[in-house]
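**Q** Protein chains in written order, with my numbering: chain A, 116 to 387; chain B, 116 to 387.
Quick reminder that beta carbons are idealized off the backbone N, C-alpha and C, glycines included.
Structure in structure tokens, see below.
Number of protein chains: 2
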Amino acid sequence: MNLIKTHKTFNGVTQFWSHPSKSTKTEMKFSTFIPENPTGAIIWLSGLTCNEENFITKAGAQKYLSEHNLMVICPDTSPRGLNLPGEHDAYDFGSGAGFYVNAETPGYKDHYKMYDYILDEIVTILKEEFKMTKVSIMGHSMGGHGALVLGLRNPNVFRSISAFSPIVHPSACPWGEKAFKGYLGENKEEWMKYDATELMKLGYKHDQKILIHQGTHDEFLTKELLTTDFIDACVAQEQDQEAVFCEEYDHSYYFISTFIEDHILHHKKYLS
Amino acid sequence: MNLIKTHKTFNGVTQFWSHPSKSTKTEMKFSTFIPENPTGAIIWLSGLTCNEENFITKAGAQKYLSEHNLMVICPDTSPRGLNLPGEHDAYDFGSGAGFYVNAETPGYKDHYKMYDYILDEIVTILKEEFKMTKVSIMGHSMGGHGALVLGLRNPNVFRSISAFSPIVHPSACPWGEKAFKGYLGENKEEWMKYDATELMKLGYKHDQKILIHQGTHDEFLTKELLTTDFIDACVAQEQDQEAVFCEEYDHSYYFISTFIEDHILHHKKYLS
């Protein structure tokens with residue numbers, strides 16, 4: 116691992132790292148905040164167009180992580196430095212838009228293994244490099260989708276799950292359909308493995324309450340996010356969940372910064 | 116005034132605005148955060164390379180402004196959309212580097228009137244558009260210099276002054292010498308009007324304590340910022356000041372985010 120930058124922040128350090136990834140076969144970057152005495156770690160998965168910088172610079176999370184002795188790690192959202200067919204043509208596919216799946220389509224299958232990257236490499240880095248064995252997961256939008264899918268499929272790895280404005284039903288929305296077709300191909304059976312609502316319907320549950328915050332003025336709510344599809348599936352499966360609809364808030368980091376303390380307190384219950 | 120964007124944030128709104136400026140003869144932008152019931156406003160002046168976005172996205176100030184009922188307004192750091200000789204050649208002169216002076220050199224004197232822009236236009240906008248008559252001023256680096264100079268020369272306009280990592284003695288450091296020569300010319304008498312340390316030596320004081328936070332690991336501390344020059348001048352003039360040297364912190368917004376609550380509480384004393 117290569118330490119790129121260190122900034123003292125509250126009682127800890129904000130840091131930027133790079134390392135060679137065996138999942139993506141590229142150099143990957145992530146950021147961390149490590150308070151004085153961390154008792155556990157939260158993985159933050161970012162949304163479309165983001166990289167390892169967005170959360171750590173904009174969410175204002177360091178104050179609360181510092182107060183509650185929790186570490187955060189923020190991976191990049193896709194491999195970088197490649198030039199696959201169509202990889203850089205749109206904001207919602209390819210670079211900056213890995214969707215936390217293991218791709219199976221030509222070209223992408225050799226590098227876009229973001230599901231494995233988070234589950235195997237980031238979790239291992241937390242354990243071996245940062246000595247963090249208690250791990251939870253959260254994310255925003257595409258990263259909220261990633262947090263739900265990774266958390267539901269691996270409840271023994273991730274102690275708790277939360278999401279801001281998650282894409283909860285990707286196989287039923289334009290962003291998800293485009294990404295899944297591009298990364299997974301036409302076989303929709305494959306898509307189900309990466310669809311939180313479909314996984315919930317199939318009985319993939321988590322022991323702890325799943326916390327979701329969703330702005331009512333989010334421009335993507337009705338077309339892309341489909342929040343209630345997941346809530347309905349949770350209710351049907353008796354999965355404990357708390358979906359907080361926040362009046363007037365949008366899809367931005369201004370919204371996230373307002374409610375990030377609630378998510379950190381949620382995960383703290385399972386990480387301390 | 117043209118409202119560009121609005122984002123609900125904590126109990127208020129983060130907004131981005133543009134308006135035609137009579138000082139710069141260009142369209143200027145600024146951002147604001149307005150809590151539910153503001154009692155006063157703080158002007159934030161940003162540093163080199165910044166614009167109206169940096170503070171409002173990175174400082175994490177909205178939480179505290181919301182709690183303490185204070186508005187913030189963050190102007191851009193220079194005129195934009197021009198093409199003056201040398202204006203876009205370096206990060207520390209021209210665009211993004213207005214230094215809050217009234218330029219007197221050819222070309223620049225027609226537009227780079229950032230001192231007047233803040234003192235006349237931003238203060239007037241606060242009063243007339245936002246109904247804020249109680250105003251304080253703070254800033255970072257080049258903007259810390261701007262806050263000190265504007266505050267010391269106009270103690271009846273600005274109720275209190277604070278700064279992060281300010282350039283306190285620009286006529287004695289490379290950043291300031293380059294900027295002042297480019298905007299003000301060779302006559303160093305002119306430079307004194309925009310040099311906080313020299314103004315303090317001349318007896319320009321403020322009734323309230325001036326608060327400064329400075330990181331000890333700031334790479335610009337000894338060559339560009341020269342913090343102790345201003346402290347010495349304050350001591351000689353019996354100006355109340357509190358300069359907090361923060362061990363291990365650098366020049367970044369991670370540092371600012373750690374201590375911004377202290378500055379908001381400082382100004383609150385004079386704005387409530």
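Tell me, please, whether the CB atom of GLU363(B) is closer than 8 Å to any CB atom in chain A?
**A** So, interface residue.
**Q** Does DSSP put CYS349(A) in a helix, a strand or coil?
**A** Helix.
**Q** For the beta strand (DSSP E) containing GLN354(A), list its first residue and its last residue.
**A** Element bounds for GLN354(A): n/a, residue is neither H nor E.
**Q** Check the DSSP bridge columns for PRO135(B) and list the partner residues they point to.
**A** In DSSP, PRO135(B) forms a bridge with GLU142(B).
**Q** For a contact defined as C-beta to C-beta under 9 Å, what are the partners of GLN177(A) on chain B?
**A** The answer, in chain order, is GLY175, TYR369, SER372, THR373.
**Q** Classify GLY254(A) as helix, strand or coil using the three-state DSSP reduction.
**A** GLY254(A): strand per DSSP, three-state reduction.
**Q** Which word fits THR239(A), buried or exposed, when buried means at least 16 other C-beta atoms lie within 10 angstroms of its C-beta?
**A** Classification of THR239(A): exposed, given that the 10 Å Cβ count is below 16.
**Q** Quick one, which of PRO285(A), SER277(A), HIS366(A), CYS288(A) has its alpha-carbon nearest LYS384(A)'s?
**A** Minimum Cα distance to LYS384(A) is reached at SER277(A).
**Q** Taking 8 Å as the limit between beta carbons, can you name the residues of its chain near ILE149(B), skipping five residues before and five after?
**A** For ILE149(B), where only same-chain residues beyond five positions count, the Cβ hits under 8 Å are GLY127, VAL128, GLN130, MET186, PHE245.
**Q** Buried or exposed: TYR206(B), going by 16 or more other Cβ atoms within 10 Å of its Cβ?
**A** So TYR206(B) ends up on the exposed side.
**Q** Quick one: is the Cβ of ILE188(B) within less than 7 Å of any heavy atom of the ligand ATP?
**A** Absent from the structure shown: the ligand ATP. Ligands present: none.
**Q** Give the residues from the region 141-152 of chain B that approach chain A closer than 8 Å (Cβ to any Cβ), ordered along the chain.
**A** So the list is empty, because no residue satisfies the distance condition.
**Q** Between the alpha carbons of LYS272(B) and ASP231(B), how many angstroms are there, rounded?
**A** First, the residue type needs correcting, since residue 272(B) is Val and not Lys in the sequence shown. If I take the Cα positions, the gap works out to 13 Å.
**Q** With burial defined as no fewer than 16 other Cβ atoms inside 10 Å of the residue's Cβ, what is the status of ILE119(B): buried or exposed?
**A** Result: exposed.
**Q** Along chain A, in chain order, which residues have C-beta atoms closer than 9 Å to that of HIS328(B)?
**A** Under the 9 Å cutoff, chain A gives no residues; its nearest Cβ is about 12 Å from HIS328(B).
**Q** Leaving out five residues on either side along the sequence, give the residues of the same chain with a beta carbon under 7 Å from the beta carbon of LEU341(A).
**A** If we look at LEU341(A) and ignore the five residues flanking it on each side, its Cβ neighbours are VAL283, HIS284, ALA287, CYS288.
**Q** Might you give, ordered along the chain, the residues of its own chain that have their beta carbon closer than 7 Å to the beta carbon of GLU313(A), omitting 5 neighbours on each side?
**A** SER286, MET307.
**Q** For chain D, is any of its Cβ atoms less than 8 Å away from the one on LYS242(A)?
**A** The chain labelled as chain D is not found among the protein chains of the depicted structure, namely A and B.
**Q** Given this structure, state the Cα-to-Cα distance separating ARG268(B) from HIS134(A), to the nearest angstrom.
**A** Roughly 51 Å separates the two Cα atoms.
**Q** Let me know if MET315(B) comes out buried or exposed under the rule of 16 or more other beta-carbons within 10 Å of its beta-carbon.
**A** Classification for MET315(B): buried.
**Q** Between LEU168(B) and PRO190(B), how many whole angstroms is the CB-CB distance? I'm expecting something under 8 Å.
**A** Note that residue 168(B) corresponds to Glu in the displayed sequence, not to Leu. Actually they do not touch by this definition, with Cβ atoms about 11 Å apart.
**Q** In the DSSP assignment, find the unbroken beta strand (DSSP E) run with PRO285(B) in it and report its ends.
**A** Run containing PRO285(B): none; DSSP gives neither H nor E here.
**Q** Is any beta-carbon of chain B found at less than 8 Å from that of PHE360(A)?
**A** No - not a single Cβ of chain B is within 8 Å of the one on PHE360(A).
**Q** Any C-beta of chain B within less than 7 Å: which residues of the region 116-132 of chain A qualify?
**A** Those would be HIS122, LYS123, THR124, PHE125, THR129, in chain order.
**Q** Which stretch, first to last residue, makes up the beta strand (DSSP E) that contains ILE188(A)?
**A** Note, ILE188(A): beta strand (DSSP E), 185-190.
**Q** Which residue marks the beginning of the alpha helix (DSSP H) containing ILE375(A), and which one marks its end?
**A** Where ILE375(A) is concerned, the enclosing alpha helix (DSSP H) stretches over 368-386.
**Q** For MET247(B), I'd like the list of residues in its chain whose CB is within less than 7 Å of its CB, leaving aside the five on either flank, ordered along the chain.
**A** Here the set comprises PRO153, GLY155, ALA156, MET186, LEU241.
**Q** If you reduce the DSSP assignment to three classes, tell me which class HIS328(A) lands in.
**A** If DSSP states are grouped into helix, strand and coil, HIS328(A) belongs with the strands.
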